[in-house]
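Peer 1: Per our numbering, the very first residue in the sequence shown carries number 15; after that it's consecutive.
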Amino acid sequence: MNTLYLAPPIFFVIAFVFSMLGMGGSQLYIPILYWMGLDFKTEAVPLGMLLNVVNSGSAAFTYWRKKLIIWNVAIPFAISMIIFAPLGVWLNIQLPVKPLLIFFALFTAAAAVLMLSGWKPKQGEMSSRGRIILGLTSGSGLGTVAGMIGRGGGSFVVPLLYIAGLETKFAAATSAFVVTCSGISSFISHLATAAHPNWGVWIATVLSVFLGSQLGSRLMAGKMKSRAIKQVFGWVLLGVAALIIIKDVILQ
(Lines of atoms letter the chains of each structure in order from A and count residues from 1; the text may use other names and numbers.)
(Lines give C-alpha, C1' and ligand atoms only; values in the text may rest on other atoms or scores of the structure.)
Protein backbone atom coordinates (compact mmCIF):
# COMPACT_ATOMS: atom_id res chain seq x y z
CA MET A 1 0.00 0.00 0.00
CA ASN A 2 1.32 3.42 -0.98
CA THR A 3 1.45 5.59 2.15
CA LEU A 4 3.04 8.68 0.59
CA TYR A 5 -0.32 10.46 0.56
CA LEU A 6 0.02 10.67 4.36
CA ALA A 7 3.26 12.64 4.09
CA PRO A 8 1.81 16.18 3.65
CA PRO A 9 -0.39 16.21 6.80
CA ILE A 10 2.28 14.46 8.87
CA PHE A 11 4.95 16.88 7.70
CA PHE A 12 2.68 19.86 8.42
CA VAL A 13 2.66 18.83 12.10
CA ILE A 14 6.42 18.19 12.13
CA ALA A 15 7.13 21.59 10.56
CA PHE A 16 4.86 23.28 13.11
CA VAL A 17 6.83 21.77 16.02
CA PHE A 18 10.35 21.93 14.62
CA SER A 19 10.08 25.52 13.40
CA MET A 20 9.64 26.49 17.07
CA LEU A 21 12.91 24.71 17.91
CA GLY A 22 15.13 26.36 15.29
CA MET A 23 15.40 23.04 13.46
CA GLY A 24 14.50 22.06 9.92
CA GLY A 25 12.94 18.70 10.82
CA SER A 26 14.95 16.47 8.48
CA GLN A 27 15.64 14.17 11.44
CA LEU A 28 11.99 13.17 11.07
CA TYR A 29 11.33 13.81 7.37
CA ILE A 30 14.11 11.50 6.20
CA PRO A 31 13.28 8.37 8.26
CA ILE A 32 9.54 8.79 7.57
CA LEU A 33 10.14 9.04 3.82
CA TYR A 34 12.44 6.01 4.07
CA TRP A 35 9.80 4.03 5.98
CA MET A 36 7.24 5.01 3.33
CA GLY A 37 9.33 3.28 0.70
CA LEU A 38 11.63 5.93 -0.76
CA ASP A 39 15.25 5.01 -1.38
CA PHE A 40 17.36 6.43 1.47
CA LYS A 41 20.19 8.00 -0.52
CA THR A 42 18.57 9.06 -3.80
CA GLU A 43 15.05 10.03 -2.64
CA ALA A 44 14.57 10.31 1.15
CA VAL A 45 17.72 12.31 1.95
CA PRO A 46 17.44 14.88 -0.92
CA LEU A 47 13.73 15.52 -0.30
CA GLY A 48 14.31 15.62 3.46
CA MET A 49 16.99 18.27 2.97
CA LEU A 50 14.70 20.33 0.71
CA LEU A 51 11.95 20.24 3.34
CA ASN A 52 14.56 21.11 5.96
CA VAL A 53 15.44 24.26 4.01
CA VAL A 54 11.81 25.25 3.46
CA ASN A 55 10.96 24.81 7.14
CA SER A 56 14.00 26.54 8.64
CA GLY A 57 14.07 29.26 5.96
CA SER A 58 10.44 30.16 6.49
CA ALA A 59 10.95 30.21 10.27
CA ALA A 60 14.17 32.24 9.98
CA PHE A 61 12.31 34.92 8.02
CA THR A 62 9.77 35.23 10.84
CA TYR A 63 12.52 35.39 13.46
CA TRP A 64 14.43 38.00 11.46
CA ARG A 65 11.34 40.21 11.39
CA LYS A 66 10.99 39.76 15.17
CA LYS A 67 14.72 40.61 15.65
CA LEU A 68 15.51 37.32 17.42
CA ILE A 69 18.53 36.26 15.32
CA ILE A 70 21.95 37.02 16.86
CA TRP A 71 23.93 37.80 13.72
CA ASN A 72 27.47 37.86 15.15
CA VAL A 73 26.91 34.23 16.14
CA ALA A 74 24.92 33.13 13.11
CA ILE A 75 27.31 34.26 10.36
CA PRO A 76 30.44 32.23 11.41
CA PHE A 77 28.33 29.11 11.93
CA ALA A 78 26.62 29.49 8.58
CA ILE A 79 29.78 30.14 6.55
CA SER A 80 31.71 27.16 7.93
CA MET A 81 28.72 24.79 7.61
CA ILE A 82 28.16 25.81 3.99
CA ILE A 83 31.81 25.15 3.15
CA PHE A 84 31.98 21.72 4.80
CA ALA A 85 28.55 20.30 3.89
CA PRO A 86 29.71 19.03 0.44
CA LEU A 87 32.41 16.95 2.18
CA GLY A 88 29.66 15.23 4.17
CA VAL A 89 27.67 14.57 0.99
CA TRP A 90 30.73 12.90 -0.55
CA LEU A 91 31.05 10.67 2.55
CA ASN A 92 27.34 9.83 2.27
CA ILE A 93 27.84 8.51 -1.26
CA GLN A 94 30.81 6.37 -0.19
CA LEU A 95 29.28 4.75 2.92
CA PRO A 96 26.58 2.01 3.20
CA VAL A 97 23.13 2.90 4.57
CA LYS A 98 23.05 1.01 7.90
CA PRO A 99 26.09 2.72 9.50
CA LEU A 100 24.60 6.05 8.42
CA LEU A 101 21.34 5.22 10.20
CA ILE A 102 23.19 4.19 13.38
CA PHE A 103 25.21 7.41 13.34
CA PHE A 104 22.01 9.34 12.61
CA ALA A 105 20.34 7.87 15.73
CA LEU A 106 23.32 8.43 18.04
CA PHE A 107 23.70 12.00 16.81
CA THR A 108 20.04 12.66 17.61
CA ALA A 109 20.06 10.98 21.04
CA ALA A 110 23.10 12.92 22.25
CA ALA A 111 21.41 16.25 21.54
CA ALA A 112 18.24 15.11 23.34
CA VAL A 113 20.13 14.06 26.48
CA LEU A 114 22.00 17.38 26.58
CA MET A 115 18.80 19.41 26.62
CA LEU A 116 16.83 17.13 29.00
CA SER A 117 19.66 16.81 31.53
CA GLY A 118 18.90 20.21 32.99
CA TRP A 119 22.54 21.23 32.66
CA LYS A 120 23.00 24.99 32.68
CA PRO A 121 25.87 26.96 31.14
CA LYS A 122 27.98 28.98 33.56
CA GLN A 123 26.90 32.54 34.13
CA GLY A 124 27.94 35.14 31.62
CA GLU A 125 28.07 35.14 27.86
CA MET A 126 31.01 34.20 25.70
CA SER A 127 33.02 37.05 24.21
CA SER A 128 32.46 38.05 20.59
CA ARG A 129 35.78 36.41 19.66
CA GLY A 130 34.81 33.22 21.50
CA ARG A 131 31.51 33.06 19.65
CA ILE A 132 33.26 33.47 16.30
CA ILE A 133 35.73 30.68 17.15
CA LEU A 134 32.86 28.47 18.34
CA GLY A 135 30.98 29.10 15.09
CA LEU A 136 33.92 28.40 12.82
CA THR A 137 35.15 25.24 14.57
CA SER A 138 31.80 23.70 15.46
CA GLY A 139 30.26 24.77 12.17
CA SER A 140 32.90 22.95 10.15
CA GLY A 141 32.30 19.69 12.02
CA LEU A 142 28.53 20.02 12.01
CA GLY A 143 28.53 20.96 8.33
CA THR A 144 30.31 17.70 7.51
CA VAL A 145 27.86 15.71 9.65
CA ALA A 146 24.86 17.55 8.17
CA GLY A 147 25.84 16.72 4.62
CA MET A 148 26.68 13.11 5.49
CA ILE A 149 23.41 12.19 7.20
CA GLY A 150 21.07 14.68 5.53
CA ARG A 151 20.61 17.00 8.49
CA GLY A 152 20.68 20.76 8.87
CA GLY A 153 22.57 20.40 12.17
CA GLY A 154 20.00 22.24 14.29
CA SER A 155 19.87 19.47 16.90
CA PHE A 156 23.39 20.45 17.94
CA VAL A 157 23.48 24.12 16.93
CA VAL A 158 20.78 24.99 19.50
CA PRO A 159 22.53 23.28 22.47
CA LEU A 160 25.89 24.80 21.46
CA LEU A 161 24.40 28.29 21.32
CA TYR A 162 22.74 27.64 24.67
CA ILE A 163 26.15 26.69 26.07
CA ALA A 164 27.54 29.91 24.61
CA GLY A 165 25.12 31.87 26.80
CA LEU A 166 22.17 32.61 24.52
CA GLU A 167 18.65 32.29 25.87
CA THR A 168 16.89 29.30 24.33
CA LYS A 169 14.50 31.44 22.27
CA PHE A 170 17.38 33.40 20.69
CA ALA A 171 19.38 30.18 20.22
CA ALA A 172 16.48 28.58 18.35
CA ALA A 173 15.97 31.65 16.16
CA THR A 174 19.69 31.92 15.34
CA SER A 175 19.83 28.20 14.62
CA ALA A 176 16.99 28.55 12.09
CA PHE A 177 19.19 30.85 9.99
CA VAL A 178 22.26 28.60 10.34
CA VAL A 179 20.28 25.47 9.48
CA THR A 180 18.87 27.16 6.38
CA CYS A 181 22.35 28.02 5.09
CA SER A 182 23.82 24.57 5.74
CA GLY A 183 20.71 22.87 4.39
CA ILE A 184 20.91 24.77 1.10
CA SER A 185 24.51 23.66 0.65
CA SER A 186 23.68 20.03 1.47
CA PHE A 187 20.56 19.99 -0.70
CA ILE A 188 22.35 21.40 -3.76
CA SER A 189 25.14 18.84 -3.33
CA HIS A 190 22.64 15.96 -3.09
CA LEU A 191 20.61 17.30 -6.02
CA ALA A 192 23.72 17.47 -8.19
CA THR A 193 24.97 13.98 -7.31
CA ALA A 194 22.33 11.44 -6.35
CA ALA A 195 18.79 12.87 -6.21
CA HIS A 196 15.87 11.31 -8.15
CA PRO A 197 12.99 13.82 -7.68
CA ASN A 198 9.34 12.76 -7.62
CA TRP A 199 7.85 16.17 -8.38
CA GLY A 200 4.31 15.43 -7.20
CA VAL A 201 5.52 14.35 -3.76
CA TRP A 202 8.04 17.19 -3.59
CA ILE A 203 5.49 19.94 -4.33
CA ALA A 204 2.82 18.60 -1.94
CA THR A 205 5.23 18.17 0.97
CA VAL A 206 6.95 21.53 0.39
CA LEU A 207 3.62 23.37 0.59
CA SER A 208 2.56 21.58 3.78
CA VAL A 209 5.93 22.21 5.44
CA PHE A 210 5.85 25.91 4.53
CA LEU A 211 2.42 26.37 6.09
CA GLY A 212 3.38 24.45 9.24
CA SER A 213 6.60 26.41 9.70
CA GLN A 214 4.84 29.76 9.39
CA LEU A 215 2.34 28.85 12.09
CA GLY A 216 4.95 27.33 14.43
CA SER A 217 7.50 30.14 14.16
CA ARG A 218 4.87 32.81 14.77
CA LEU A 219 3.69 30.97 17.89
CA MET A 220 7.24 30.60 19.26
CA ALA A 221 8.17 34.24 18.57
CA GLY A 222 5.08 35.45 20.38
CA LYS A 223 4.18 33.08 23.24
CA MET A 224 6.53 30.11 23.81
CA LYS A 225 8.78 30.10 26.88
CA SER A 226 12.40 28.88 26.85
CA ARG A 227 11.77 26.02 29.29
CA ALA A 228 8.92 24.66 27.16
CA ILE A 229 11.09 24.87 24.04
CA LYS A 230 13.86 22.80 25.69
CA GLN A 231 11.47 20.12 26.90
CA VAL A 232 9.77 19.71 23.53
CA PHE A 233 13.15 19.73 21.83
CA GLY A 234 14.64 16.98 24.01
CA TRP A 235 11.71 14.55 24.05
CA VAL A 236 11.06 14.80 20.31
CA LEU A 237 14.69 14.01 19.48
CA LEU A 238 14.90 11.16 21.98
CA GLY A 239 11.81 9.55 20.44
CA VAL A 240 13.25 9.84 16.93
CA ALA A 241 16.53 8.22 17.98
CA ALA A 242 14.72 5.33 19.69
CA LEU A 243 12.53 4.67 16.63
CA ILE A 244 15.49 4.55 14.29
CA ILE A 245 17.50 2.19 16.52
CA ILE A 246 14.57 -0.21 17.06
CA LYS A 247 13.05 -0.25 13.58
CA ASP A 248 16.04 0.16 11.28
CA VAL A 249 18.94 -1.31 13.26
CA ILE A 250 17.69 -3.94 15.75
CA LEU A 251 14.74 -5.28 13.72
CA GLN A 252 16.49 -5.29 10.35
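Using N, Cα and C, we set each Cβ at its ideal position, and we do this for glycine too.
I want to know whether the region 223–235 touches the region 86–99 - three or more CB-CB distances under 8 Å.
Peer 2: Touching, no, given that fewer than three Cβ pairs across the two stretches are closer than 8 Å.
Peer 1: Please state the DSSP three-state secondary structure of L35.
Peer 2: L35 falls in the coil class under three-state DSSP.
Peer 1: Could you check whether the region 140–149 touches the region 176–185, counting it as contact only if at least three pairs of C-beta atoms, one from each stretch, sit closer than 8 Å?
Peer 2: With the cut-off at 8 Å, the region 140–149 and the region 176–185 touch.
Peer 1: Could you give the DSSP three-state label for G179: helix, strand or coil?
Peer 2: DSSP places G179 in coil when its eight states are reduced to three.
Peer 1: Candidates V59, I107 and G51: which alpha carbon is nearest Q41's?
Peer 2: Selected option, being the one with the closest Cα: V59.
Peer 1: Given a cut-off of 8 Å, decide if A74 and A215 are closer than it, judged by their beta-carbon atoms.
Peer 2: Correcting the residue type first, residue 215 is Val in the shown sequence and not Ala. For V215 and A74, no; Cβs fall outside 8 Å.
Peer 1: Out of E57, A29 and S203, which one is the CA nearest neighbour of G102?
Peer 2: Comparing Cα-Cα distances from G102 to each of E57, A29 and S203, the minimum goes to S203.
Peer 1: From what residue to what residue does the alpha helix (DSSP H) around M63 run?
Peer 2: Start and end: V59 to R79.
Peer 1: Quick one: Cα of F98 to Cα of T194, how far?
Peer 2: Distance between the alpha carbons of F98 and T194 is about 14 Å.
Peer 1: Does the Cβ-Cβ distance between I83 and Y77 come in under 8 Å?
Peer 2: Going by C-beta atoms, I83 is nearer than 8 Å to Y77.
Peer 1: Report yes or no: do the region 242–251 and the region 47–62 share at least 3 C-beta pairs separated by less than 8 Å?
Peer 2: The region 242–251, when compared against the region 47–62, does not touch it at the 8 Å Cβ threshold.
Peer 1: Quick one: residues in its chain with C-beta nearer than 7 Å to the C-beta of L205, no 5 flanking neighbours on either side, listed in chain order?
Peer 2: Answer for L205: P60, listed in chain order.
Peer 1: Excluding the five sequence neighbours on either side, which residues of its own chain have a C-beta within less than 6 Å of the C-beta of F201, listed in chain order?
Peer 2: If we look at F201 and ignore the five residues flanking it on each side, its Cβ neighbours are M63, L64 and V67.
Peer 1: Run through DSSP, which three-state label would H204 get?
Peer 2: It is helical.
Peer 1: Closest to T267 by CA distance: which of E57, I89 and V246 is it?
Peer 2: The shown model of the chain, from 15 to 266, leaves out residue 267, and the question about it has no answer.
Peer 1: Quick one: grab the DSSP three-state call for G51.
Peer 2: DSSP places G51 in coil when its eight states are reduced to three.
Peer 1: Taking 8 Å as the cut-off, decide whether the C-beta atoms of A126 and I259 are in contact.
Peer 2: Contact: no.
Peer 1: Rounded to whole angstroms, what is the Cα-Cα separation between F170 and F184?
Peer 2: Going from the Cα of F170 to the Cα of F184 covers about 15 Å.
Peer 1: Could you give the DSSP three-state label for N86: helix, strand or coil?
Peer 2: Helix at N86.
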